[in-house]
Each structure stands twice: as structure tokens, then as C-alpha cells.
Amino acid sequence: KAGTVIISAYNKYRGNYVVVSHGSGNTTTYQHLSSRSVSVGTYVAQGQVVGITGTTGVSSGPHLHFEITENGQIINPLKYLTDYIKGW
């Protein structure tokens, strides 16, 4: 879903990470990126690249740590992603 970047930063635990606000209290977070391609205030369209997967911060190897929150609470992302995952 489209939204606005509210954090694009480096943290010693999360590494390079980006947080996108989608309105109505919903956010998505992308962590351990090797690089970030957006800055705070950037409007991002659904499907737009916000960074490249990596292994920054506390990480045992290249991967994407992905979170969805509703009103500050982390939720199971399958609630939103099942329509996009083949075979579910």
C-alpha cells in the first residue's frame, strides 16, 4: 500500500531501515537493508523499492526483517499479504 516514509535511518540493531506510514495507524518496517533508496517525507507507491536487502545491524546473514503494525502493535503480516503470495 502507498504511504509516506517517516523513518529512513541506521540503528546498530536494525541496521539500515525504513518505516512507511500508510495512514490510519498502519506502518510497514523494512530492516537490515544494505542500502536505503528513500528519505523521510518521500511518498512511496505500492511496489516501489525502498531499499536493498542486506545484512546490516544485528544479523546472521542477508535477509529482510519485515513488520506491519496497526496502532503501534506488531501484527501477523499474512493478514495483508495472502493475496500477493501464490499458493496461499
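If you read the sequence shown in my numbering, its first letter stands for residue 4, the second for the next number, and so on.
Here a beta-carbon is modelled for each residue, glycine too, at the ideal position from N, C-alpha and C.
DSSP bridge partner residues for residue i (one or two, in chain order)
{"i": "residue 54", "result": "39"}
Whole-number beta carbon distance between residue j and residue i, since they are thought to touch under 8 Å
{"i": "residue 24", "j": "residue 30", "result": "5 Å"}
Environment of residue i [buried if 16+ CB atoms lie within 10 Å]
{"i": "residue 13", "result": "exposed"}
{"i": "residue 20", "result": "buried"}
{"i": "residue 28", "result": "exposed"}
{"i": "residue 18", "result": "buried"}
Inter-residue Cα distance where the pair is residue i and residue j
{"i": "residue 78", "j": "residue 70", "result": "8 Å"}
{"i": "residue 6", "j": "residue 57", "result": "23 Å"}
Residues near residue i in its chain [Cβ-Cβ closer than 7 Å; skip 5 each side]
{"i": "residue 41", "result": "8, 11, 21, 47, 53"}
{"i": "residue 83", "result": "71"}
{"i": "residue 67", "result": "33, 35, 56"}
{"i": "residue 4", "result": "25, 49"}
Contacts around residue i, its chain only, beta-carbon distance under 8 Å, and the 5 residues preceding and following it disregarded
{"i": "residue 15", "result": "60, 61"}
{"i": "residue 26", "result": "6"}
Close-in-space but distant-in-sequence residues of the same chain around residue i (CB under 6 Å, 5 per side omitted)
{"i": "residue 80", "result": "71"}
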